[in-house]
Amino acid sequence: MFETTIAGSLPKPAWLADPEKLWAKWRLKGDALLDAQRDAVLVWLKEQEDAGIDIATNGEQFRVHFVHGFLEPIEGIDWNLMTPMGIRADRYTVDVPTVTAAVRRPASVHGEEVRYTRVHTRGKLKFTLPGPMTICDTIADAHYGRRADMAMAFAEILNEEARELEALGVDVIQFDEPAFNVFMEDVAEWGMATLERAAEGLKCKTAVHICYGYGIDENIQWKKTLGEEWRQYEQSFPVINGSRIDQVSLECANSHVPMSLLRLLPDKELMVGVIDVASRESESPEQVLAVIDEACEHADVERVMPCTNCGMAPLPRSLAAAKLTALGHGAALAREKYGKVP
Ligand code: ZN
4 MFETTIAGSL
14 PKPAWLADPE
24 KLWAKWRLKG
34 DALLDAQRDA
44 VLVWLKEQED
54 AGIDIATNGE
64 QFRVHFVHGF
74 LEPIEGIDWN
84 LMTPMGIRAD
94 RYTVDVPTVT
104 AAVRRPASVH
114 GEEVRYTRVH
124 TRGKLKFTLP
134 GPMTICDTIA
144 DAHYGRRADM
154 AMAFAEILNE
164 EARELEALGV
174 DVIQFDEPAF
184 NVFMEDVAEW
194 GMATLERAAE
204 GLKCKTAVHI
214 CYGYGIDENI
224 QWKKTLGEEW
234 RQYEQSFPVI
244 NGSRIDQVSL
254 ECANSHVPMS
264 LLRLLPDKEL
274 MVGVIDVASR
284 ESESPEQVLA
294 VIDEACEHAD
304 VERVMPCTNC
314 GMAPLPRSLA
324 AAKLTALGHG
334 AALAREKYGK
344 VP
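Residues in the sequence shown are numbered consecutively from 4, following this note's numbering.
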């Protein structure tokens, strides 16, 4: 009951990259970098274990960017041909690499890091991959012509990767699809089909993380334009509920998402965001419990999984650790409260 997990990313320790910076460059190279990344994973596995997080991740310590980390070794992408693109419907403009030929995965992308992480945790392990729609919103297309076609091509190689990671002992494969919150019509039209293709044949749990983004300025400003009630999920949830994906992550802590939208996901496990990744102080376990309480008014208790709203990569390390502890302790309070025989 109330199995806890996190959206995925955790801060890079100072020996790995500049702290409190999203997408900061590595400080080291070659074998020294690999050692430093592994050390960071050990720290975060221990922190998660001590905080009572049931489904751990490696905190994405082996990648700079949550999408490009997967794309780097993929063939068909020209990294010298950077195209300025307004991503997430022009929320930010970024220079992105360009697809110039059919994409192909010549070798495993994340196999080595998963092997390492798996050996060092006895608990359940989750691994996050970017979703096909979000990849297509983070890369320019000079080959496929239609976003839906490019997304399906990425879905196929994501599926190869996901199957390999499952075989290495990953318990949950999560696809990050923040684009699902921006292009709601495309979700029904082709987004969900490409996501299901990426997850095809997996026997481990599958999850989708749809979010309103990291706690960075661009997102905070964008959120101000969304009005009092955030109802973006209203369009995508029925489509997701009809899919084969097992778990859905959603932003609930300090958000304007009406909790009643959980009712649109009656057949899914719900990763309820009880930790705000934009606030500069840690929640208390009681605050975490309050969000869980609210979720339980709209969903069966056994489907509620306390989680973070989004990744914690840009936070100070000590704050992220404190938030992990609040998450674990808040869930423990909930187990005590709801586990009692009425
Ligand atoms: Zn997120």
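Glycine included, C-beta positions come from ideal geometry on N, C-alpha and C.
Remember, predicted model here, so these are calculated numbers, not experimental data.
Could you compute how far the alpha carbon of residue i sits from the alpha carbon of residue j?
i	j	result
V67	W26	5 Å
E52	I58	9 Å
Y217	C313	6 Å
G342	A92	44 Å
K340	T328	18 Å
I138	P181	10 Å
D220	K326	20 Å
G331	A54	5 Å
Y297	A256	Note that residue 297 is Glu in the sequence shown here, rather than Tyr. The straight-line gap from Cα to Cα measures roughly 11 Å.
W193	T96	24 Å
A105	A337	49 Å
P345	V304	Unreliable placement is indicated for P345, whose pLDDT of 47 sits below 50; the coordinate value is still reported in the next sentence. Near 14 Å, if we compare the C-alpha coordinates of V304 and P345.
V122	E284	33 Å
D34	L318	27 Å
N222	L268	25 Å
R118	C214	28 Å
I142	V211	20 Å
H71	T7	27 Å
In the DSSP assignment, find the beta strand (DSSP E) that holds residue i and state where it starts and stops.
i	result
M308	307-311
D179	175-179
V251	250-254
Where do the N-terminal and C-terminal ends of the alpha helix (DSSP H) with residue i fall, by residue?
i	result
L336	320-342
E199	195-201
Can you tell me whether DSSP reads residue i as helix, strand or coil?
i	result
K208	strand
Q238	helix
W225	helix
A20	strand
D303	coil
V190	helix
F5	coil
Given a cut-off of 7 Å, decide if residue j and residue i are closer than it, judged by their beta-carbon atoms.
i	j	result
E203	N244	no
E169	L198	no
K208	D179	no
S252	M274	yes
V44	T120	yes
P350	E78	Residue 350 lies beyond the range of the chain shown here (4 to 345); nothing can be said about it.
Q40	F69	no
A158	P133	no
V242	A191	yes
Is there a C-beta anywhere in chain C that falls below 7 Å from the one on residue i?
i	result
V173	Within the model displayed, chain C is absent; a lone protein chain is all it includes.
| Along the chain, which unbroken stretches of the alpha helix (DSSP H) at least 4 residues long are found entirely within the stretch 100-164? | Runs of the alpha helix (DSSP H) spanning 4 or more residues and lying entirely within the stretch 100-164 occur at 114-122, 135-139, in chain order.
| 4 or more residues per run - each alpha helix (DSSP H) lying fully within the stretch 44-91 | 71-74
| field | Entirely enclosed beta strand (DSSP E) segments - the stretch 261-299, minimum 3 residues | value | 272-278
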